[in-house]
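Read through the structure below, which is laid out as structure tokens, and then see the notes.
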Amino acid sequence: MHLLNAHYRPPHTGKEPETLVVLFHGYGAHAGDLLFLAEVWSSLLPTTGFLSLDAPHALDDQRCGRYWFTLEDYDMPRIRQAIGDLGPSVRAALEPYMSPWGLAWSKVAFCGFSQGAAMALTLGLYDLPVGGVLGYAGVFVPLAGETPQPGVPVCMIHGDADDVVPIDLFYASEKKLTMLGVPFRGLVCPGVGHSLDTSGIQEGGDFLQAIL
């Protein structure tokens, strides 16, 4: 099991959190890259704490970035296994923030970008009983024979000009999730590449406000 570094931002109210949003960064990034969302969403989620996790693996170059799983191929069973193996590490990282405040898993939402979205979707639908999952510029990684936990709502947001994770993967993910009976909400952002824009951030905040 990996010991994951966690960066916490308390609720805007300054009180104990009533809900928690866990952030998973993308490949080559780090936990601090997504913490700006805590400020952007503070008015929508004033009683929510935000916890951003650093991926366990460091890149072997000068960029100081990190990653959740390798990208040497797109073998889905391998990626699914790699994500599942990180489930206990994620659970352990959340425990010190959930237990003291008595937060149930239903009061926790996962939010990820790119590779982090795959983490959030897979762990949130199969491995940890969260209240909902928000994925930006990501892809759903299913495995034959697995059934998602019932009733976990998902929102996926994607730019139609994404040249890293093509928009076709958004539509494929939507189709798979809908076929599996997952409550799905999606937004395609015109002209947006592999990034977040204002409309996508607003949509994500509205989704989190609705489910938490």
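Using my numbering, the letters of the sequence shown correspond one by one to residues 8 to 219.
Glycine included, each C-beta is placed from N, C-alpha and C at the ideal position.
| query | result |
| --- | --- |
| Taking Y34 and Y74 to be in contact with their CB atoms under 8 Å, please state how far apart those CB atoms are, rounded to whole angstroms. | 5 Å |
| Give every residue of the same chain whose Cβ lies closer than 8 Å to the Cβ of E181, excluding the five residues on either side of it in the sequence, and list them in chain order. | M163, F191, G193 |
| Inspect the CB distances between the region 52 to 67 and the region 13 to 28 and report whether three or more fall short of 8 Å. | yes |
| Is it right to say R16 is buried, meaning 16 or more other beta carbons lie within 10 angstroms of its own, or is it exposed? | buried |
| Thinking C-beta only, is F120 closer than 9 Å to Y104? | no |
| For the beta strand (DSSP E) that S206 lies in, which residues bound it at each end? | No beta strand (DSSP E) contains S206, which is instead part of the alpha helix (DSSP H) from 205 to 218. |
| Which runs of the beta strand (DSSP E), 3 residues or longer, sit entirely within the region 55 to 99? | 55 to 60 |
| Taking Q88 as the reference, give the member of S202, A99, E153, L58 with the closest Cα. | E153 |
| Have a look at L132 and V159 and give me their C-alpha separation to the nearest angstrom. | 7 Å |
| Within the region 16 to 62, note down every full alpha helix (DSSP H) run reaching 4 residues or more, in order along the chain. | 43 to 47 |
| Could you tell me the alpha carbon to alpha carbon distance between Q156 and H19, rounded to whole angstroms? | 31 Å |
| If L130 and G94 are in contact, beta carbons under 8 Å, what's the gap, nearest whole angstrom? | 6 Å |
| Assuming A13 and L58 make a contact with CB atoms under 8 Å, what is their CB distance in whole Å? | 6 Å |
| Taking DSSP as the reference, what is the three-state secondary structure of L141? | strand |
| Please go through the same chain and pick out, in chain order, the residues whose beta-carbon is closer than 6 Å to the beta-carbon of P149, but skip the five residues on each side of it. | K183 |
| Hey, S202 and G166: beta-carbon distance below 9 Å or not? | yes |
| Per the DSSP calculation, I164 is bridged to which residue(s)? | Y143, L194 |
| Suppose you measure from the CA of A179 to the CA of T185; what does that come to, to the nearest Å? | 10 Å |
| Is the separation between the beta-carbon of A62 and that of C71 shorter than 9 Å? | no |
| Go ahead and pull the three-state DSSP assignment for A125. | helix |
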